[in-house]
Amino acid sequence: MAVLVAGGGIGGLALALSLHQIGVPVQVFESVTEPKPLGVGINVLPHASRELIELGLLDALDAIGIRTEQLAYFSKHGQLIWQEPRGLLAGYNWPQFSVHRGRLHQLLWDTAKERLGDDRLLAGYHLHTWKETPAGVRATFADRQSGKTVGEFEGTLLVGADGIHSAMRAAFHRGEGPPKWNRSVLWRGVKIGKPYLGGHTMSMAGHSAQKFVAYPISPADPESGRQMINWIAELRLPADYAWRRETYNREGRVEEFLPAFENWHFDWLDIPQFVRDALYIFEYPMVDRDPLPLWTHGRATLLGDAAHPMYPIGSNGASQAILDARVLARSILDHGETPEALLAYEAERRPATTRVVELNRRNGPDQVMQVVEDRAPGGFDRLDDVVPEAERHAIAADYKRIAGFDRDALNSRPSILPSSLVA
Numbered sequence: 002m003a004v005l006v007a008g009g010g011i012g013g014l015a016l017a018l019s020l021h022q023i024g025v026p027v028q029v030f031e032s033v034t035e036p037k038p039l040g041v042g043i044n045v046l047p048h049a050s051r052e053l054i055e056l057g058l059l060d061a062l063d064a065i066g067i068r069t070e071q072l073a074y075f076s077k078h079g080q081l082i083w084q085e086p087r088g089l090l091a092g093y094n095w096p097q098f099s100v101h102r103g104r105l106h107q108l109l110w111d112t113a114k115e116r117l118g119d120d121r122l123l124a125g126y127h128l129h130t131w132k133e134t135p136a137g138v139r140a141t142f143a144d145r146q147s148g149k150t151v152g153e154f155e156g157t158l159l160v161g162a163d164g165i166h167s168a169m170r171a172a173f174h175r176g177e178g179p180p181k182w183n184r185s186v187l188w189r190g191v192k193i194g195k196p197y198l199g200g201h202t203m204s205m206a207g208h209s210a211q212k213f214v215a216y217p218i219s220p221a222d223p224e225s226g227r228q229m230i231n232w233i234a235e236l237r238l239p240a241d242y243a244w245r246r247e248t249y250n251r252e253g254r255v256e257e258f259l260p261a262f263e264n265w266h267f268d269w270l271d272i273p274q275f276v277r278d279a280l281y282i283f284e285y286p287m288v289d290r291d292p293l294p295l296w297t298h299g300r301a302t303l304l305g306d307a308a309h310p311m312y313p314i315g316s317n318g319a320s321q322a323i324l325d326a327r328v329l330a331r332s333i334l335d336h337g338e339t340p341e342a343l344l345a346y347e348a349e350r351r352p353a354t355t356r357v358v359e360l361n362r363r364n365g366p367d368q369v370m371q372v373v374e375d376r377a378p379g380g381f382d383r384l385d386d387v388v389p390e391a392e393r394h395a396i397a398a399d400y401k402r403i404a405g406f407d408r409d410a411l412n413s414r415p416s417i418l419p420s421s422l423v424a
């Protein structure tokens, strides 16, 4: 029998590859009938890129993404607040990657098919019911559109990596209700254009009620000099505003947000033009869920967004799911395919991810922009008079420490999986 993984997203596939790396059979079930490279940009921070690199994916990541070299925060007037090197330039032993989410997902899907075999990744299989058996767990899967049963499978363990609308989470925690919306909506787009701020910078401008994020997600084309650039426009809406259900694939409408950014013409970035140049735009309400008191029930547990959906602040959602996968694989290596392995995994990861969820609700590292907005809404002549450098540094350092990518701690930490197993 194999470990059954409900959900073939980034977290589920990272787990499948990790279990394969330690020699544990695994079967992945994805609800979508035809997985496609959808979405926009995503960041893989050094603590997560380390894990993908130890799965042997460094060259592939370089082929589909870009190594982020700098992070820069600006006020709503385009004034620089904070900048810091990222990845190798910051002294990490591993790079930080910015990449198209769909390309990263496709890379993991294709790699899993190659290493595990086509029959180990089943598309169009939505988790319907499950129960424990004397030997493990039996799960039934259905076609999500028709509701018709498509298969029943026996496994040693069941892992719910099925996202923010997880069927397993809903069954474990009945009555939880829909995700919690913080009144902000993200409009996410991609454009092809000339590099800005050196071509390897992630930039953020604004404050908690209005923000614009941009970063490249592909190398510059050697002939045209142009690269793929991801951007996010964020606005906080009135408390009584009824927004649409969150999804990564709903088309966004420019007229709903661009007027608020029409005057954001900075010498380093023309934001209105960025928006108008978009190849496509998606909308996504900023939502999360309250941290759970437990993830594990017998031989079943949760992973990634199913366990700890968080606001997309600090670039940590996918990174935390990848870390979940690696720690769960190590726990299975240590304890076997047993409930004890799931409990050991949860004991390590649930407190860690709870801290990140809670910190993201307090604006995470982006709080430095809100401090400037609160103290100098009209702009500033001298930044240190508004926010001393020590305070800015503390905001950035505290988030790295809580989220698990403090440079010195990460560089000195042993691999999650034994070094004899990593690529």
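Just so we're aligned, residue 2 is where the sequence shown starts under our numbering, counting upward by one. Cβ coordinates follow ideal geometry from the N, Cα and C atoms, glycine included.
### Query
Pairing CB atoms from the region 263-273 with CB atoms from the region 316-326, are three or more of them under 8 Å?
Per the Cβ contact rule, the region 263-273 is not in contact with the region 316-326 (fewer than 3 Cβ pairs under 8 Å).
### Message
Let me check one thing: in DSSP terms, what residues is residue 287 bridge-paired to?
### Response
Along the sequence shown, one-based indexing puts residue 287 at 286. Residue 287 is not bridged to any residue.
### Query
Is it right to say residue 239 is buried, meaning 16 or more other beta carbons lie within 10 angstroms of its own, or is it exposed?
Here residue 239 refers to the residue found at position 238 when the sequence shown is read from its first residue. The residue in question, residue 239, is exposed, as its Cβ has fewer than 16 Cβ neighbours within 10 Å.
### Query
Three or more C-beta pairs closer than 8 Å, one from the region 216-231 and one from the region 41-60: is that the case here?
Touching, yes, given that three or more Cβ pairs across the two stretches are closer than 8 Å.
#### Entry: Contacting residues, own chain, Cβ-Cβ under 7 Å from residue 94 (five flanking each side not counted)
The count along the sequence shown starts at 1 and reaches residue 94 at position 93. Within the same chain, residue 94 has close Cβ partners 412.
### Message
Out of 164, 14 and 165, which one is the CA nearest neighbour of residue 112?
### Response
Taking the first residue of the sequence shown as position 1, residue 112 is located at position 111. With distances taken between Cα atoms, residue 112 lies closest to 14.
### Task
Tell me, to the nearest whole angstrom, how far the beta carbon of residue 312 is from that of residue 362; I am working on the premise that it is less than 8 Å.
Position 311 of the sequence shown, counting from 1, holds the residue named residue 312. Position 361 of the sequence shown, counting from 1, holds the residue named residue 362. Beta-carbon to beta-carbon, residue 312 and residue 362 are separated by about 7 Å, close enough to satisfy the 8 Å threshold.
### Query
Taking residue 40 as the reference, which of 19, 71 and 106 has the closest Cα?
Start at 1 with the first residue of the sequence shown, and residue 40 comes out as number 39. Cα-wise, what sits closest to residue 40 is 106.
### Task
Going by DSSP, name the residue or residues bridged to residue 192.
Within the sequence shown, the letter at position 191 stands for residue 192. According to DSSP, residue 192 bridges with 230.
### Query
Of all the options 124, 78, 68 and 64, which has the alpha carbon lying nearest to the alpha carbon of residue 382?
Start at 1 with the first residue of the sequence shown, and residue 382 comes out as number 381. It is 78 whose Cα lies nearest to the Cα of residue 382.
### Query
Among 71, 259 and 275, which residue has its Cα nearest to the Cα of residue 84?
Your numbering for residue 84 matches position 83 in the sequence shown. Nearest of 71, 259 and 275 to residue 84, Cα basis: 71.
### Message
Measuring only the C-alpha atoms, how far is residue 52 from residue 350?
### Response
Residue 52 sits at position 51 when you count from the first residue of the sequence shown. Residue 350 sits at position 349 when you count from the first residue of the sequence shown. Straight-line spacing of the CA atoms in residue 52 and residue 350 works out to 15 Å.
### Query
Quick one: Cα of residue 62 to Cα of residue 103, how far?
Start at 1 with the first residue of the sequence shown, and residue 62 comes out as number 61. Start at 1 with the first residue of the sequence shown, and residue 103 comes out as number 102. It is roughly 13 Å from the alpha-carbon of residue 62 to the alpha-carbon of residue 103.
### Query
Would residue 1 be called buried (16 or more neighbouring beta carbons within 10 Å of its own) or exposed?
There is no way to answer for residue 1, as the model of the chain reaches only from 2 to 424.
### Query
From this set, 198, 182, 232 and 196, which residue's C-alpha is nearest residue 212's C-alpha?
Here residue 212 refers to the residue found at position 211 of the sequence shown. The candidate whose alpha carbon is nearest that of residue 212 is 232.
### Message
Going by DSSP, what residue range makes up the alpha helix (DSSP H) through residue 330?
### Response
Position 329 of the sequence shown, counting from 1, holds the residue named residue 330. Residue 330 -> alpha helix (DSSP H) spans 318-336.
### Query
Using the beta-carbon count (16 or more within 10 Å), is residue 321 buried or exposed?
Along the sequence shown, read from residue 1 onward, the residue named residue 321 stands at position 320. Using a 10 angstroms sphere on the CB of residue 321, the tally of other CB atoms reaches 16 or more, which defines it as buried.
### Query
Excluding the five sequence neighbours on either side, which residues of its own chain have a C-beta within less than 6 Å of the C-beta of residue 368, listed in chain order?
Reading the sequence shown from its first residue, position 367 is the one you call residue 368. Cβ contact annotation for residue 368 (same chain, cutoff 6 Å, sequence separation greater than five): 396, in chain order.
### Query
Does the distance from the CB of residue 100 to the CB of residue 54 come in under 7 Å?
Here the question's residue 100 lines up with position 99 in the sequence shown. Here the question's residue 54 lines up with position 53 in the sequence shown. Between residue 100 and residue 54, the CB-CB gap reaches or exceeds 7 Å.
### Task
Determine the direct distance from the alpha carbon of residue 124 to that of residue 297, and round the result to whole angstroms.
The count along the sequence shown starts at 1 and reaches residue 297 at position 296. The count along the sequence shown starts at 1 and reaches residue 124 at position 123. Taking the Cα positions, residue 297 is about 25 Å away from residue 124.
### Task
In angstroms with no decimal places, state the Cα-to-Cα distance between residue 74 and residue 236.
Translated into positions along the sequence shown, residue 74 becomes position 73. Translated into positions along the sequence shown, residue 236 becomes position 235. Here the C-alpha atom of residue 74 lies approximately 17 Å from the C-alpha atom of residue 236.
### Query
Just how far apart, CA to CA, sit residue 32 and residue 282?
Taking the first residue of the sequence shown as 1, we reach residue 32 at position 31. Taking the first residue of the sequence shown as 1, we reach residue 282 at position 281. For residue 32 and residue 282, the distance between alpha carbons rounds to 24 Å.
### Query
How is the alpha helix (DSSP H) around residue 394 delimited, first residue to last?
Residue mapping note: residue 394 aligns to position 393 of the sequence shown, counting from 1. For residue 394, the uninterrupted alpha helix (DSSP H) segment begins and ends at 390-404.
### Query
In terms of DSSP beta bridges, what is residue 212 paired with?
In the sequence shown, the residue the question calls residue 212 occupies position 211. 207 and 235.
#### Entry: Assigned secondary structure, residue 97 (DSSP; H/G/I helix, E/B strand, else coil)
Taking the first residue of the sequence shown as position 1, residue 97 is located at position 96. DSSP, reduced to helix, strand and coil, places residue 97 within a strand of the structure shown.
### Query
Whose C-beta lies closer than 6 Å to the C-beta of residue 205 among residues of the same chain, with five residues either side of it excluded?
For this step, residue 205 is matched to residue 204 along the sequence shown. Around residue 205: 74 and 214.
### Where residue 1 falls: helix, strand or coil (DSSP)
The structure shown has nothing for residue 1, since the chain only spans 2 to 424.
### Task
Check each candidate in 328, 4 and 90 and name the one with the smallest Cα separation from residue 117.
By one-based count along the sequence shown, residue 117 stands at place 116. Nearest option by C-alpha distance: 4.
### Query
Can you tell which of 157, 163, 229 and 27 has its C-alpha closest to the C-alpha of residue 11?
If you number the sequence shown from 1, residue 11 lands on position 10. Comparing alpha carbon positions, the residue from 157, 163, 229 and 27 closest to residue 11 is 163.
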